[in-house]
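Student: Take a look at this one; I'll ask things after.
Numbering (UniProt numbering), first residue to last: 1 to 275.
What follows is the structure, encoded as structure tokens:
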């Protein structure tokens, strides 16, 4: 087999794989513009279901809960995860592999086990202390717990890619700790921080299982609403909600990709110094 034939075969395989991955999403988007209430026959292009979507108070409430949950949990997770990632790097020579192993656990643990554990914990605390009743607050705490590991590992990976002499140079220049953080760490880590924040947003918006087990009666999110709605059958209105969620996730992934591809301040400085 020639190299050209192999390249052509790999290209065909790549296109087939993309079709396999994205064809179901394309079908959902396509039928969200259907003029009739059917997911089997397309009767014409219409925005009727999007109009009904934004006039439905239950959906608007679920959307607001989703946005509040995603933004609040992501901001909290960025602070905690960023400090944890820096701590991993700062004390990387002190045999903390067991701690990193513990951080990995929420990432690989099945969501249903994690969600049930969170629910039992919150109920036990609420029965004994009268706090942490199921609701938006418990959902924020639960989301932070599975967002932090991703952020910590991303920030730590970014720090490990830096030249250790840069930290020594900042100290040799008599920079105070806050100056090292303000003028060195934050600019260098900004791509990782932005990417981590967008990843945390995506994880929060996409989550259903953990949200379902920790939610209260007044804290329904879009994934929970969709799960409840499809019990009556998949309607174009559900397709419209899914289309908006798909679009938001794609947008955040695109922004994250653009941020990651931007040349960082440290690489620019290194190129300037070498020239």
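Ideal placement from N, C-alpha and C gives every residue a C-beta, glycine not left out.
For residue 47, which option in 29, 60, 57, 64 has the closest C-alpha, if you only look at C-alpha atoms?
Tutor: Here residue 47 refers to the residue found at position 47 of the chain shown. Measuring from the Cα of residue 47, the nearest candidate turns out to be 29.
Student: Please specify which runs of the alpha helix (DSSP H), each continuous and at least 4 residues long, are wholly inside the segment 205-242, giving them in chain order.
Tutor: 209-214, 222-229
Student: Residue 237: buried (16+ other C-beta within 10 angstroms of its C-beta) or exposed?
Tutor: Sequence index remark: in the chain shown, residue 237 carries index 237 (1-based). Residue 237 is buried by the Cβ-count criterion.
Student: What's the call for residue 273, buried or exposed, on a 16-neighbour Cβ count within 10 Å?
Tutor: Taking the chain shown and counting its residues from 1, one reaches residue 273 at position 273. At residue 273 the pLDDT is 40, less than 50, meaning the model places this residue with poor confidence and gives no usable figure here.
Student: If the criterion is Cβ atoms closer than 9 Å, does the pair residue 170 and residue 184 meet it?
Tutor: The residue you call residue 170 lines up with position 170 of the chain shown. The residue you call residue 184 lines up with position 184 of the chain shown. Cβ atoms of residue 170 and residue 184: closer than 9 Å.
Student: One question on the structure: do residue 215 and residue 139 come within less than 9 Å of each other, judged by their Cβ atoms?
Tutor: Within the chain shown, numbered from 1, the residue matching residue 215 stands at position 215. Within the chain shown, numbered from 1, the residue matching residue 139 stands at position 139. Their beta carbons are under 9 Å apart, which means residue 215 touches residue 139 by this criterion.
Student: What's the call for residue 3, buried or exposed, on a 16-neighbour Cβ count within 10 Å?
Tutor: The residue labelled residue 3 in the question sits at position 3 within the chain shown. It counts as exposed.
Student: Give the DSSP bridge partners of residue 34, in chain order.
Tutor: The sequence position of residue 34 within the chain shown is 34, counting from 1. In DSSP, residue 34 forms a bridge with 45.
Student: Any heavy atom of the ligand NAP closer than 8 Å to the beta-carbon of residue 183?
Tutor: Ligands are entirely absent from the displayed structure, and the ligand NAP is therefore not among its contents.
Student: If you pair each beta-carbon of the segment 74-85 with each one of the segment 152-163, do three or more pairs fall below 8 Å?
Tutor: yes
Student: Does the pairing of the segment 47-63 with the segment 215-227 give three or more beta-carbon distances under 8 Å?
Tutor: The segment 47-63 vs the segment 215-227: in contact.
Student: Determine the direct distance from the alpha carbon of residue 68 to that of residue 13, and round the result to whole angstroms.
Tutor: Here residue 13 refers to the residue found at position 13 of the chain shown. Here residue 68 refers to the residue found at position 68 of the chain shown. Taking the straight line joining both Cα atoms gives about 41 Å.
Student: Please report the distance separating the alpha-carbon of residue 18 from that of residue 258.
Tutor: Stepping through the chain shown from its first residue, residue 18 is reached at position 18. Stepping through the chain shown from its first residue, residue 258 is reached at position 258. Going by the C-alpha atoms only, they are around 21 Å apart.
Student: Looking only at its chain, what residues have a beta carbon closer than 8 Å to the beta carbon of residue 58, apart from the 5 residues adjacent to it on each side?
Tutor: As a working mapping, residue 58 is identified with position 58 in the chain shown. Cβ neighbours of residue 58 beyond the five flanking positions: 220, 225.
Student: For residue 38 and residue 31, I'd like the C-alpha separation in whole angstroms.
Tutor: For the purposes of this step, residue 38 is identified with residue 38 of the chain shown, where counting begins at 1. For the purposes of this step, residue 31 is identified with residue 31 of the chain shown, where counting begins at 1. Residue 38 and residue 31: Cα-Cα distance of roughly 8 Å.
Student: Here's the rule: buried if 16 or more other CB atoms are within 10 angstroms of the residue's CB, otherwise exposed. What is residue 158?
Tutor: The residue you call residue 158 lines up with position 158 of the chain shown. Counting Cβ neighbours within 10 Å, residue 158 comes out buried, since at least 16 surround it.
Student: Taking the C-alpha atoms as reference points, what is the distance between residue 41 and residue 243?
Tutor: The residue labelled residue 41 in the question sits at position 41 within the chain shown. The residue labelled residue 243 in the question sits at position 243 within the chain shown. Distance between the alpha carbons of residue 41 and residue 243 is about 18 Å.
Student: Candidates 11, 210, 126, 240: which alpha carbon is nearest residue 25's?
Tutor: Within the chain shown, numbered from 1, the residue matching residue 25 stands at position 25. Selection 11, 210, 126, 240 evaluated against residue 25 yields 240 as nearest (Cα-Cα).
Student: Answer with buried or exposed for residue 27, where buried requires no fewer than 16 other C-beta atoms within 10 angstroms of its C-beta.
Tutor: Residue mapping note: residue 27 aligns to position 27 of the chain shown, counting from 1. In this structure residue 27 is exposed. Its beta-carbon is surrounded by fewer than 16 other beta-carbon atoms within 10 angstroms.
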